[in-house]
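See below for the structure under consideration.
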Amino acid sequence: MSARSRELFGLLPVTLLVTAGFTAVLITRSSQTGKVTITYGLFFLGCCLFAHIFIRARLPNADPYLFPLGALLAAFGLVMIYRIDPKLARQQAEWFVVGLVLFCATIVFLRDYRVLERYRYTIALASIGLLLLPRVPGIGGATNGAYLAIHVGSLQFQPAEFAKIGIVIFLASYLRETRDVLVRGRIPRISLKHFGPLLLVWGLAMLMLIFIRDLGSSIMFFGAFLAILYVATGRISFIVVGLAMFVLGAIFFANHVPHVHERVQIWLHPFRPDLVESSGYQIAQALFAQADGGLFGRGFGLSLLQLPVAGGHTVTILPAAHTDTIYAVITNELGLFGAAALILVYLLFVARGFKTALMAHDGFSKLLAAGLASVVALQVFVIVGGVTRVIPLTGVTLPLVSYGGSSILANFVVLALLLMISNEARRVHTERGGVV
Amino acid sequence: MNRQITHLFGVVLVLFTLLVVFTSRWTVFEAKSLQNQTANRRPLLEQLQIPRGYIYADDGTVLAKNIRSGHGPTLRYSRTYPTNELFSHTVGYSFISHGSAGLEKEYNDQLAGSANEFSSIIDQLSGQKRVGNDLHTTLDPAAQRLALQLLAGRPGSVVALDPRNGAVRVMASVPNYNPNNVPSQFKQLNTDKAAPLFNRATQGGYPPGSTMKVVTATAAIDSGRYTPNSIVSGKSPKILGGVPLSNCCTEGSGNYGPLSLTEALAKSVNTVWGEVGEKLGKQTMFKYMQRFGFDSRPKLDLPTDELGVSGVYGSKGQLLGPSDAIDIARVAIGQERLRVSPLQMAEVAAAGANGGKLMKPRLVDRVESPDGRTVDSRGPAELQTVMKASTAQQVTAMMEQVVKAGTATAAQIPGVTVAGKTGTAEVANGTANQAWFIAFAPVPNPRVAIAVTVERTQGEGGTVAAPIAKQIIQQLLKGNG
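Sequences listed follow chains A and B, in order.
If you read the first sequence in the working numbering, its first letter stands for residue 38, the second for the next number, and so on.
If you read the second sequence in the working numbering, its first letter stands for residue -9, the second for the next number, and so on.
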């Protein structure tokens, strides 16, 4: 079977999930059954089919599983968001279409992704600029104490989602060129030349802690940096020093930036009586929701998120259910097994990313693919780890599943880049007679 | 670089495993403790989505049912009480905003259908929704209504049991409240000086007055120290417990010659029973009191915080025992900081009525699943043997005389032999009385045991409480084979 036929075949589970998911949500809302929702599902599948045909035409050799896995995640997200709030699901579906357009545009206009190497400093500066945008008065502002989003009119935008791609491109390109310098000699010499970039990126991560006050993003960026650095140099010593520097810096700022300090306190003592009803409310409620899910969950659409009270008002039980804590809703409704299955889908997605990196022939492609896969993996780890209290909870999205336009768009660009890299790698591979 | 990429994937694998491990931690290993956190409102809210079981009276009258609203995820059930204030204290209430009380609280797990967690998982897998089980109580709405009517708003209580099996037929406490109003008037009900939420039948601590003499008489005869025909001196006053005690002036001069124990009970002669108690001693008196259920929480199926302990209380509110300095002569006639609940006195009557064997009192007869299976049957259970059958017979005969020719002639029922004992304890520095009457009927095979008390009345046990008991006994004997 050709790669593209396998891809088409891989979209079957997505179809099943969309159908089953929407049906389940509809059954629990039997009174609100409407043609509208069925149309959503069909429309979504139509989009996927279109993308598949597009990939067939433009990237015939690309990895056959990446797109179905991405579509599966997006479909799952759409069903969950529909279940949380049908109005948001409509917007998410619209973002999905825009994302698809961006996906196609990336592939069409960036015929050879390797040109990105040439613009690495521009891209790096633009990314840093994006990261600092939320601190710009007028468009930026703090949500729960962290500067993560900008607001233009009614539109909300998380620049970090795009900055993560730009920074990965920069690092892949920079380290491809300097890796030889970094690994020369048995022991890396302590010189500015060696540790300069390390210090710079560390400094950037620390600046993020101060300026946007977000531990999650800073783990994500610094983690991606260490991952690419390790792939490029193969030196554990860099990683150990880098991790130590990050931990020391994080501890320092946890004690000196009040917002970060508070997040750490909530993380350590979410049920402390003075926190559980205030700043610790979200994580405590997320944990309660998971506890309530058990092994099998309560079933699609049966999670308690809001409670109607007198006078037509509602009390929110789980805050930010459609974004930060969507993993808790999933665990609540589908149980440990459903949540583990979701993690497994992410693992497969990341595995295909690494597989692409393994198959790529040039250093830049390898580093870029490994970097993109790592940043997706880290983003999943940061948000799921936050909701499950592995690390302090911070507001990043669950890639492709959480509600959010910028997240969908950015992850479609990631998907497009990975598909382009794999198309190139597998094309060369096939031409040389290798089996893929 | 490929080796590094493989290693990196290994790291991702470890990180993702960590995520699954932590998810398991919350969903499985620490789920129970999280569900018990007070900040966790989910278990409570979920109960709103479960059709809670109904509560029925003995004759099938619905005492508690649900109102359904919304659908799908907005489906909610709320509680309504069709009989309003009729059974306020026993049935209680259950509201998400104000918690629960009474049977609603005691049987919450059954009513919410969560008593059997395993079957509920099976039900979930098979797509069945959790449904609560129904309670079938032993309560008699007609007699209850009559009790409330006869108390006529006077603070007090009526408790009627079936002495043969411990079934509670009537449990009235005035003032009462309408459980349907709890959500809207909770604060007001809770701060009301008349304490309408307080279940006087089980929580009230009243001086029992002369009804206590039934306990003393039982101890006297069962211990073999006296017979009903023992001749005792009825002179007044006597020095008892080191201080003089005289009979009350309501029945003649109160100074009697020699008389039998039976006569002393019928005329409720304080000096005789004080002397009997003193001669029996603290050990014997406490032994019998405890057999009747004093000094321990009643074994009734209501929440423990709604059950008071009857006994002799010290100045700091602690229970006193035989080793404490107690004037046992005054305990024997129902004075000396003796505090009893109407339920306890109904159990005193019931033990004598049932040949000396005290049955465990119970409000719920059986718990039924919605498909009609009996999930939990709480049939008759013997609590303990209080006295010998012969003692029960002799005490019964003595109590018959109280109704026939003593202080309780107001409780006579044509064609039915009633055994009883009045009580009148002075309260509020002697300006008011706590009127009591305990009884059972029909002798020789009693089907009803009853305790009636009215607070702060100017009347006496024989004039205030006995007529109430009489009518309730009549009502209960009518329908009760």
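The beta-carbon is built from N, C-alpha and C at its ideal position, and this holds for glycine as well.
Determine whether the Cβ of residue 251(A) lies closer than 9 Å to any Cβ atom of chain B.
no
When you measure from the CB of residue 170(B) to every non-hydrogen atom of the ligand GTP, does any distance come out below 8 Å?
By its list of ligands, the structure shown contains no ligand whatsoever, and the ligand GTP lies outside what it can speak to.
Determine whether the Cβ of residue 337(B) lies closer than 9 Å to any Cβ atom of chain A.
no
Exposed or buried, residue 92(B), counting other C-beta atoms within 10 Å across all chains shown (16 or more means buried)?
buried
May I ask you to report which of helix, strand or coil DSSP gives residue 26(A)?
Nothing can be reported for residue 26(A): it is not among the residues displayed for chain A, which extend from 38 to 473.
In three-state DSSP terms, what is residue 56(A)?
helix
For residue 17(B), decide whether its Cβ has a neighbour in chain A, counting only Cβ atoms nearer than 9 Å.
yes
Kindly indicate which residue of -9(B), 86(B), 448(B) has the alpha-carbon position closest to the one of residue 418(B).
448(B)
Per DSSP, cross-strand counterpart(s) of residue 358(B):
124(B), 364(B)
For residue 102(B), go through chain A and note every residue whose CB falls closer than 7 Å to its CB, in chain order.
None at all; the shortest Cβ gap to chain A is about 15 Å.
CA-to-CA distance, residue 339(B) to residue 192(B), given in whole angstroms:
16 Å
In whole angstroms, what separates the C-alpha of residue 321(A) from that of residue 10(B)?
18 Å
How far does the beta strand (DSSP E) with residue 430(B) in it reach, from first residue to last?
422 to 431
Taking only the alpha-carbon atoms, compute the straight-line gap between residue 471(B) and residue 161(B) and give it to the nearest angstrom.
Residue placement at residue 471(B) is flagged as unreliable, the pLDDT there being 48, under the threshold of 50; the coordinate-derived value follows with that caveat. Residue 471(B) and residue 161(B): Cα-Cα distance of roughly 20 Å.
Could you check whether the Cβ of residue 282(B) sits closer than 9 Å to any Cβ belonging to chain A?
no
Residue -6(B) to residue 216(A) span [Cα, whole Å]:
13 Å
Among all the DSSP beta bridges, which residues are the ones paired with residue 412(B)?
427(B)
Please identify, using Cβ separations under 8 Å, the residues of the stretch 295 to 315 of chain A that lie next to chain B, in order along the chain.
308, 313, 314
Closer than 8 Å by beta-carbon distance: list the chain A residues that pair up with residue -5(B), in chain order.
268, 391, 394, 395, 403, 407
Would you identify the three-state DSSP class for residue 471(B), choosing helix, strand or coil?
Note that residue 471(B) scores 48 on pLDDT, short of 50, meaning its location in the model is unreliable and no value can be drawn from it.
When Cβ atoms are compared, which residues of the stretch 118 to 131 of chain A fall closer than 8 Å to chain D?
The chain labelled as chain D is not found among the protein chains of the depicted structure, namely A and B.
Assess, as a yes-or-no matter, whether the stretch 421 to 428 of chain A is touched by the stretch 391 to 405 of chain A under the definition of 3 or more beta carbon pairs within less than 8 Å.
no
Which residues mark the beginning and the end of the beta strand (DSSP E) in which residue 91(B) is found?
89 to 91
Looking only at C-alpha atoms, which of 293(A), 237(A), 300(A) sits nearest to residue 252(A)?
300(A)
Taking the beta carbon of residue 166(B) as the centre, do at least 16 other beta carbons fall within 10 Å, making it buried, or is it exposed?
buried
By how many angstroms is the C-alpha of residue 114(A) removed from the C-alpha of residue 449(A)?
14 Å
Write down the C-beta distance between residue 212(A) and residue 160(A) rounded to the nearest angstrom, noting that I regard them as a contact closer than 8 Å.
Incorrect: roughly 14 Å between the Cβ atoms, too far for contact.
Own chain partners of residue 157(A) with C-beta closer than 8 Å, once the 5 adjacent residues on each side are dropped:
206, 207, 210, 211
Beta carbon proximity, residue 327(A) to chain B, threshold 9 Å
yes
By the criterion of Cβ-Cβ separation under 7 Å, what are the contact partners of residue 380(A) in chain B?
6, 9, 10
What does a CB cutoff of less than 6 Å around residue 442(A) pick up in its chain, not counting 5 residues either side in sequence?
132
Please give me, in chain order, every unbroken run of the beta strand (DSSP E) with length at least 3 that falls completely inside the stretch 372 to 404 of chain B.
372 to 375
Integer-rounded CB distance, given that residue 290(A) should sit under 8 Å from residue 247(A)
7 Å
Length-filtered (3 minimum) beta strand (DSSP E) runs lying within the stretch 217 to 270 of chain B
221 to 223, 228 to 230, 233 to 235, 248 to 250
In the structure shown, what three-state DSSP assignment does residue 417(B) receive?
strand
Three or more C-beta pairs closer than 8 Å, one from the stretch 454 to 461 of chain A and one from the stretch 85 to 103 of chain A: is that the case here?
yes
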